[in-house]
Amino acid sequence: MARLELTGVEKRYGAVEVLRDVNLRINDGEFIVLVGPSGCGKSTLLRMIAGLEEISEGEFSIDGKRMNEVPPRDRDIAMVFQSYALYPHMDVARNMGFSMEIRGEGTPARRSKVAAAAATLGLSALTARLPKALSGGQRQRVAMGRAIVRDPRAFLFDEPLSNLDAALRVEMRLEIARLHRRLDATMVYVTHDQVEALTLADRIVVLNGGIIQQVGTPLDLYETPANRFVAQFIGSPTMNVIAVTPAEGGVRLGNGVLLALPGVSIDVTELGIRPEHLDLADPAASTMTGIADVVEHLGSDTNIYAQVEGIGPLMVRQHGHVALRPGDPVDIAIQPGKAHLFDTAGKALRQA
Amino acid sequence: MTASHRKAPGEIRARRSFYWTHVVEPYLYLTPAIVLIALVILVPLVIGISYSFQSIMLLRPKEAAWAGLDNYVALWGDRMFWIALENTFVWTFGSLFFQFFLGLGLALLLNTRFTGRRLFQALVFLPWAVPTFLSALVWAWLFNPLIGPLPHWLAALGVLSEPYNILGDPDLAIWGPIAANIWFGVPFFAITLLAALQSIPSELYEAAEIDGASAWQGFTKITLPFLAPMIAITVMLRTIWIANFADLIFIMTGGGPANSSQILSTYIFTTAFKKLDFGYASALSVALLLLLFLYAVLVLFLRRKVVRV
Amino acid sequence: MATWQRANPLMRTGKLAAIAFYLCFALFPLYWLIKIAVTPDRLIYTEGTALWPSEFTIGNFTTVIWQTDFLRFFGNSLIVSLSTAAIATLIAAGAGYAFSRFDFRGKRLVIALMLLTQMFPLLMIIAPIYRIIAAMGLLNSLSSLILVYIAFNIPFATFLMQSFFDGIPKDLEDAAMMDGCTRFQSLRKVILPLTLPGLGATLGFVFTAAWSEVLFALMLIKSNASMTFPVGLLTFVSKFSVDWGQMMAAGVLALVPSCMFFIFIQRYLVQGLTSGAVKG
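Residue numbers (my numbering), protein chains in the order written: chain A, 65 to 416; chain B, 33 to 341; chain C, 175 to 454.
If you want it as structure tokens, here you go:
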């Protein structure tokens with residue numbers, strides 16, 4: 065299959081810089097997810113890999129061969145679009161076999177390949193239909209089928225699930241994971257949904273403002289985010305971030321409590337703590353006290369939004385059901401070793 | 033990083049492909065259109081303007097010469113020009129007023145639901161498909177008391193003292209072509225306004241209804257403000273179009289009787305077509321063009337003042 | 175809105191009256207044209223203003239078709255209108271595609287020029303065009319008329335085609351390119367099939383415009399042999415100004431082609447014609 069490599073890639077529209085100095089190596093058979101808020105440049109990056117956008121600066125290569133000037137049709141890459149982009153005037157079978165039709169391959173070869181792809185995607189009964197007669201999920205499958213029939217060196221997905229309802233999205237997510245395992249193909253997947261990113265990716269690329277923030281496995285990003293942006297973008301519910309001041313042997317919280325963190329840098333200005341790493345504790349063992357503001361009972365978990373004295377709002381996630389009502393006092397403790405520290409620029413500080 | 037500074041052969045190709053998609057390729061698709069428009073419209077336009085400073089009469093080809101502002105001086109002193117100008121106002125705004133309000137009514141009607149709406153729409157839009165020369169002839173015949181019913185109806189209603197042909201009456205002749213123009217132009221306004229109406233989100237009306245607005249309030253508070261920018265542009269373009277539109281008058285009355293229905297554009301055409309005085313015809317066209325230009329600037333200025341969208 | 179539609183008998187009657195009014199206003203002149211055309215000559219004056227003729231005849235039609243130059247005029251007009259429509263639509267499709275899909279230097283200027291041609295009186299160029307065409311010795315030739323009509327119709331047809339191209343998602347072209355198409359292949363295999371209704375509407379629109387143009391035809395064509403239908407009918411009117419039945423029959427026949435095209439395009443009018451204008 066294929067190894068994709070981006071070296072010093074930039075994208076500018078006139079004076080507007082969309083992507084800056086992107087360096088990324090995507091290994092053969094790897095599932096890479098590009099994730100970030102809207103407007104971060106992730107779709108542009110994908111379209112540059114596809115050849116639909118020109119590369120302003122830097123080099124993109126596949127298996128060591130420079131691709132910058134190669135038109136999309138010769139890059140041997142398939143793409144699944146957010147809008148599916150099915151040809152409305154062709155039936156499902158012709159949509160799926162269109163790339164082979166363009167290559168001038170014979171009808172029998174085309175038919176068998178389309179039939180095989182349709183069978184794996186559960187579309188066999190629908191091959192004679194036009195796209196407008198399909199449901200959203202079925203269209204999504206046809207778009208994937210079209211990519212499979214293309215038999216490309218790499219697959220690109222541009223927010224493929226964002227037009228589906230929640231239940232279908234989970235189902236199609238599993239479908240894509242299975243597809244990747246079966247084909248063992250290089251895949252690049254763009255999404256703004258971090259759950260998709262965490263569940264599908266071998267490695268995640270977090271983009272913000274046209275700059276790569278961090279590249280790593282889902283667990284890497286969760287456990288050792290490189291900066292505040294990644295820390296808050298990855299993980300749900302969002303990480304709490306509170307202001308702290310450096311102190312002897314640790315940091316001092318807004319309520320005056322000293323949190324012992326040996327070897328902490330004196331540049332620290334903020335402390336991040338995920339809701340699942342906060343516990344409701346005995347008043348004796350707690351570091352913070354406050355009032356429960358909103359309590360969400362999810363069954364498996366309970367989310368508590370608390371107003372904490374001297375610190376502000378904090379969110380706590382507890383396993384199972386917690387019998388707590390709005391207005392009740394809460395005492396909160398930070399699980400040891402789970403705090404993240406950031407400097408003024410938002411960069412993560414490692415404890416020595 | 034080194035890759036971006038090395039002069040790869042591909043980079044020259046990349047520049048070339050950039051050049052291709054942003055400079056050359058679009059013009060491949062555009063060239064035939066641009067060439068034709070330039071040759072058949074723009075070049076003659078410039079020549080036409082230059083004619084207005086010349087004396088060019090096809091009947092006296094030897095006298096062709098530069099005449100400076102003679103044509104314009106003649107125009108200023110030409111009583112016909114001022115009559116035609118006044119008639120142009122009557123013709124344009126008389127037609128426009130009825131076309132617009134009848135068109136708005138029709139669009140509102142078509143925007144409601146009733147059985148047979150699609151067929152109704154096809155039928156009421158039909159006048160728009162009738163060739164203009166035929167509309168002119170049909171209406172001229174309708175106004176003819178020998179074979180048309182209109183004079184008799186008008187007489188019965190007391191509008192006319194007796195059933196005679198209003199196209200022969202200097203006081204009324206211009207209203208004949210105006211009637212034909214209204215008939216011909218209502219579908220255009222209805223189509224444009226209907227499309228605009230359909231682009232108003234229905235949630236707005238639902239919200240207004242929940243807020244307790246009456247149908248009339250819904251119309252004045254939602255429909256009209258939404259249509260306003262569109263109306264301004266359509267009315268402006270249509271005014272210019274109608275002022276230029278000579279076919280109906282030329283065929284129905286030829287500008288007569290006694291020039292009572294002569295408007296500027298028919299005057300231009302008769303001057304060029306019958307008198308073959310191209311110099312003067314061109315001066316008249318330049319005058320008309322300037323007037324329309326002033327009008328367009330005025331409308332656009334007012335639109336910016338009134339509509340804040 | 176639903177409340178007043180449901181009840182209110184006054185509203186209902188008003189609506190019905192409005193429907194009836196618009197129908198009569200739109201159709202009565204056409205009805206009258208057909209009525210006189212099928213009334214036998216001897217009854218035209220006696221029943222001149224009766225709403226319904228007591229006898230019918232198709233004699234006027236057969237006379238017009240076989241005993242006048244009608245067929246030649248009709249043929250000339252068909253040649254002129256069909257060639258104009260076909261060529262103008264093709265050229266406008268190219269230009270509309272460029273406007274819809276490319277961002278290029280000079281785009282605003284070209285659009286401004288095209289808008290300009292829609293604003294100024296076309297009569298303004300009637301004198302120069304007459305002299306140019308006379309100098310080239312092309313008076314009385316249908317091809318000069320076709321050339322002029324094509325140029326006149328290109329700007330509007332281009333905007334019309336552009337709005338149809340704009341309606342086709344750009345993703346489809348991208349998908350086609352990913353599937354291995356060159357830009358031209360994607361145009362031919364994906365874009366063009368999807369624009370067929372738009373092409374049809376533009377074709378019909380230009381045809382109707384060319385079919386009904388009179389002033390330039392009057393100016394550029396004087397010979398009987400190459401007269402288009404409108405010019406022919408006008409000379410017909412001035413020559414035989416008393417034969418009402420035949421004139422009306424000729425009129426009815428002139429109506430046929432444009433109405434046929436109209437029925438085809440009117441479905442697209444509201445969606446296509448104004449989708450560009452509404453945005454502005």
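Note that CB positions come from ideal geometry on N, CA and C, so glycine has one too.
Item                                                                                                                         : Value
In DSSP terms, what A:H361 is bridged to                                                                                     : A:T366
Coil, strand or helix - A:S102 by DSSP                                                                                       : coil
Contacts that B:E57 makes with chain C (C-beta to C-beta distance below 9 Å)                                                 : A272, F276, F278 and R357
Any non-hydrogen atom of the ligand SAM closer than 7 Å to C:G233 Cβ                                                         : What this structure holds is no ligand at all, so the ligand SAM is not there to describe.
Other residues of its chain near B:L174: CB distance less than 8 Å, five sequence neighbours each side excluded              : G180, P181 and L182
Coil, strand or helix - A:G72 by DSSP                                                                                        : strand
Proximal chain C residues relative to A:M143, where beta-carbon distance stays under 8 Å                                     : D348, A349 and M352
Touch test, the region 215-228 of chain B against the region 133-145 of chain B, Cβ-Cβ under 8 Å, three pairs minimum        : yes
Opposing strand residues paired with A:F124 [DSSP bridges]                                                                   : A:L70
Cβ neighbour criterion (16 or more within 10 Å) applied to C:C198                                                            : exposed
Rounded C-alpha distance that separates C:A200 from C:A309                                                                   : 44 Å
For C:N250 and C:T402, believed in contact at Cβ under 8 Å, the rounded distance                                             : 5 Å
Under 8 Å by beta carbon: chain B residues contacting C:I193                                                                 : L141, F146 and F152
Interface partners of B:Y61 on chain C, CB under 7 Å                                                                         : G268, A269, Y271 and A272
Residue from A:D266, A:V386 and A:G105 with nearest C-alpha to A:D343                                                        : A:V386
Residue of A:Q296, A:G78 and A:E121 minimising C-alpha distance to A:G72                                                     : A:E121
Closer than 8 Å at the beta carbon, the chain A residues around C:D340                                                       : What C:D340 touches in chain A: nothing, since even the nearest Cβ is about 15 Å away.
According to DSSP, residues forming a beta bridge with C:P367                                                                : Answer by DSSP bridge pairing: none, since C:P367 is not bridged.
Own chain residues within Cβ distance below 7 Å of B:N291, not counting five before or after                                 : M112 and I115
Three or more C-beta pairs below 8 Å linking the region 367-380 of chain C and the region 294-302 of chain C                 : no
N- and C-terminal bounds of the alpha helix (DSSP H) containing B:G135                                                       : R111 to L142
Range of the contiguous beta strand (DSSP E) that encloses A:R84                                                             : V80 to I90
Distance between A:I398 and A:L362 (C-alpha atoms, nearest Å)                                                                : 22 Å
Neighbouring residues, chain A, relative to C:L368 (Cβ below 9 Å)                                                            : Y151, P152 and H153
Under 7 Å from the C-beta of C:G499: neighbouring residues of chain B                                                        : As shown, chain C starts at 175 and ends at 454. That puts residue 499 of chain C outside it, with no answer to give.
Uninterrupted alpha helix (DSSP H) stretches inside the region 186-262 of chain C (no shorter than 4 residues)               : 233-241
B:A40 versus A:S226: straight-line alpha-carbon distance, rounded                                                            : Summary for B:A40: the model assigns pLDDT 48, below 50, so the residue's position carries little reliability; its value from the coordinates is reported in the next sentence. Distance between the alpha carbons of B:A40 and A:S226: 39 Å.
Partner residues on chain C for A:I368, Cβ-Cβ distance less than 7 Å                                                         : Correct list: empty, because the minimum Cβ distance to chain C is about 44 Å.
Residue(s) in a DSSP beta bridge with A:I275                                                                                 : A:N272
Chain-order list of residues whose beta-carbon lies under 6 Å from that of C:P295 (same chain, five-residue window excluded) : none
Identity of the residue in B:V75, B:L178, B:M89 and B:I79 nearest C:I210 by Cα                                               : B:L178
Where C:L377 falls: helix, strand or coil (DSSP)                                                                             : helix
Backbone secondary structure at B:K306 - three-state DSSP                                                                    : coil
Test: B:P64 CB closer than 8 Å to a CB of chain C                                                                            : yes
DSSP three-state assignment for A:F145, whether helix, strand or coil                                                        : coil
B:H184, enclosing alpha helix (DSSP H) - first and last residue                                                              : L182 to A188
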